[in-house]
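Step one of this worksheet: look at the structure below.
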Amino acid sequence: MGRGALTSFSQSWRTSLNARVVSAIVAIGVLTSIVTAVIVANQTRSQLYDRAVSAATEQFYGARSQAQYVFDSANAQTSGAVQEIANAQVRSQFEPIRGVVGTALIRSPGQNTGNYLVADVGAPTPATVMDVLTPELREAVQESSSPQWQAVAIAKGEEYTLPGILIGATVRLPNAGMYEFYTLYSLENEEVTVAQVSRVLMLATVALLTIVAVATGVLVNVVLKPVRAAAENARQLAGGAFDVRMDDRGEDELAQLGSAFNQMAESLQDQFTRLERLSQVQQNFVSAVSHELRTPVTTIRMAGQLIYDKRSELPSSLRRSAELQHSQLISLDTMLSDLLEISRFDAGSMVLETSKIDVVEIVRRVIISQAPLIEANRVPVTLSARGETVASVDSRRIERIVRNLVVNAVEHAEGGPVKVRVVGSDTAVAVEVSDRGIGLSPEQASHVFDRFWRADTSRVRKSGGTGLGLTITREDALLHEGRLQATGELGVGSTFLLTVPRTQKAAFTPPLPLRVAAAEDWEDSEDIPIEIVRADTTGSLPAVGTTGTIPAIRAMAVAPADASSGAAAAASPKPAAPGTAVSGTTTHTPSAPTGTAAPTGSAGKEDA
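Quick note on the working numbering: the sequence shown kicks off at 168 and runs consecutively.
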């Protein structure tokens, strides 16, 4: 209970300026009140004590003078008469109402025994005074002719004591010698007064602190209200609500805060409107130019294709030019397609055409289509799957995402292995593409999906591109209400993770975490390897288990470069179901590459 209250207070102290101000003021008030109360109580006690001592001393002077006068004027001829006079005088001084709680007449030592002997007298008893009388006070009384006093503690009960004053002086009894006359005064009334003053001070302090705390809380709330409004308006401003404004009436600091905030909001609104207008102009320009270029580029490409098809009839000096022209026209067409696609995303005109399909089949088809690039880079590529991988997705967009990720990994693997994993759960399907190549730094991973961004502009690109490939893949993933993430470590490798829900507009839990695949993760026994077969020279597809001839792909075979990816995908066998063993896989030693074919689409770790 105590720990919970302490935690709650600590949280309030950290998060609430109101709580800190009120707590600080109350703490200062408590400290000040305690010091003030102690000083006032001590001063009150001291003044009451001094006044009581003065009054008691003055009263004792009168009582002693009266007693001495009575003793001097008495005509006592016997010891008994003197005793009677002494008893009467002592008892007459006993007045509890006036604070006199004890009197005593005690014979001083060293008297002439030939005189009358008067017994010690006390009221109510001699013990009342004798219990508090000290040898020091007796000695002082005996040596001085003036009254002497001492502060004492008067017992009241077994454990409780009251403050008091014991005053004494010598008197002479007729024919009996010198006696010590003592009067005990109680300061109970003064003690009660001090206690009452302390209680009043305490109650006044509590009441004052309560009033101060409430008033401080109210005032701080009044002061912080514009600050809270500024914080809320700032959050709305960050969310795009540029029309929010603060109340800036008045001329105080809070009004100045409101005025400054409103000026900032107006400036941001003007700049955002201007930038939005420029962005719209840019988008319209890109879209218009892309559409206008589509027709002439298509015409040029058709003409270039005719020249390329007839290249065998051209002189050797022109044949190479025709091949370069054909390759560059393909790249130009791809660039225009990317620009058109990104302009559609900007316009918000993208529509999903979903159907239930096995994501493993899409990935298999992509790997088959990229066989020339895989062989040219001599990169071992493996595909494995686990769980339920059928999902309602736009197969064209998912294929484009996977193609960009696979091409990206192959180009930057630097001969190292590339692993593609497809893992399904009850709510989502994840595609993880990992490589053991140059890797990505955390800063690069945070920008890899930005438009036209490249990690190192000095690198030589192998497949060309606009720098929009990964940007488009991310937009495709978001269109599925999924996510596309990237991470990596320089010199270790990189991982791209696509996660999409199995059912559109449904919440999902990612089947795989985002991480850089460690060395031991490349032999994950939980995943089931998926074999990819290739078409033979006659175009037919052998059964699963037939060993392929593309040596750069480990434990699988792929279609040749001139095979249609669509046909290969249609004829390729269904991947093994989860829990089913797959046989017939073989590992080959890579052979020398025979050429590099342009991949479908454009992407790269330097792209965004």
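Backbone N, C-alpha and C define an ideal beta-carbon position, used for all residues, glycine too.
- Secondary structure within the stretch 395–479: the alpha helix (DSSP H) runs of 4 or more consecutive residues, fully enclosed, are 420–476 (chain order).
- As DSSP reads the structure, D525 sits in a beta bridge with V557.
- Closest option to P330, judged by alpha-carbon separation, among A322, T337, A336: A322.
- Using a Cβ distance threshold of 7 Å, F428 and A405 do not count as a contacting pair.
- Sixteen is the threshold: when 16 or more other Cβ atoms of the shown chains lie within 10 Å of the Cβ of A538, as they do, the residue is buried.
- In this structure the stretch 651–659 does not touch the stretch 573–580; the number of beta carbon pairs closer than 8 Å is below three.
- Exposure of S484 is indicated by the presence of fewer than 16 other C-beta atoms within 10 angstroms of its C-beta.
- Note on geometry: alpha-carbon atoms of A644 and G554 lie some 21 Å from one another.
- Considering only S613, T556, S559, V530, the residue with the shortest C-alpha distance to K586 is V530.
- Contact between T666 and A595 is confirmed by a C-beta separation of about 6 Å, below the 8 Å threshold.
- V456 places its beta carbon 7 Å or farther from that of L503.
- The Cβ neighbour count for R618, taken over all protein chains shown within 10 Å, is under 16; the residue is labelled exposed.
- Counting of Cβ neighbours within 10 angstroms places F452 among the exposed residues, the total staying below 16.
- A distance below 7 Å separates the beta carbons of S353 and V268.
- Residue state for S494 is assigned as helix, using DSSP reduced to three classes.
- The beta carbons of V411 and Q423 sit no closer together than 7 Å.
- Between T462 and D602, the alpha-carbon positions lie close to 39 Å from each other.
- Ranking S522, I541, V589 by CA distance to the CA of Q671 puts S522 first.
- If you ignore the 5 residues before and after T301, its C-beta comes within less than 7 Å of the C-beta of Q317, all in its own chain and listed in chain order.
- Taking 7 Å as the cut-off, the beta carbon of S200 is found no closer than this to the beta carbon of T377.
- Within its own chain, the residues whose Cβ lies closer than 6 Å to the Cβ of V319, once the five positions on either side in sequence are excluded, are V299, G331, L333, listed in chain order.
- Around the C-beta of T466, fewer than 16 other C-beta atoms lie within 10 Å, and the residue is accordingly described as exposed.
- In this chain, the alpha helix (DSSP H) harbouring G247 covers 246–260.
- As a beta-bridge residue in DSSP terms, V596 pairs with G591, V667.
- Following the DSSP letters along the chain, one finds V189 inside the alpha helix (DSSP H) bounded by residues 184–240.
- Of all alpha-carbon atoms in A552, R570, A307, V569, the one lying nearest the alpha-carbon of S592 is that of A552.
- Looking only at S259, S434, E443, V220, the smallest Cα-Cα distance to Q233 is reached by S259.
- If you look at E310, you'll find it in the alpha helix (DSSP H) that goes 302–310.
- With respect to the 7 Å criterion, V533 and V590 are not classified as neighbours on the basis of their beta carbons.
- T654 sits away from L679, with the two beta carbons spaced by 7 Å or more.
- E459 has its alpha-carbon roughly 21 Å from the corresponding atom of Q492.
- Each residue's CA atom was taken as its position, placing T211 and Q250 some 43 Å apart.
- The residues D643, in chain order, have a CB closer than 6 Å to that of R564 in the same chain once the five nearest residues on each side in sequence are set aside.
- Between the alpha carbons of S536 and P609 lies a gap of roughly 31 Å.
- Under the three-state reduction of DSSP, T360 is assigned to helix.
- Looking at G266, E566, V308, the one whose alpha-carbon comes closest to that of I273 is V308.
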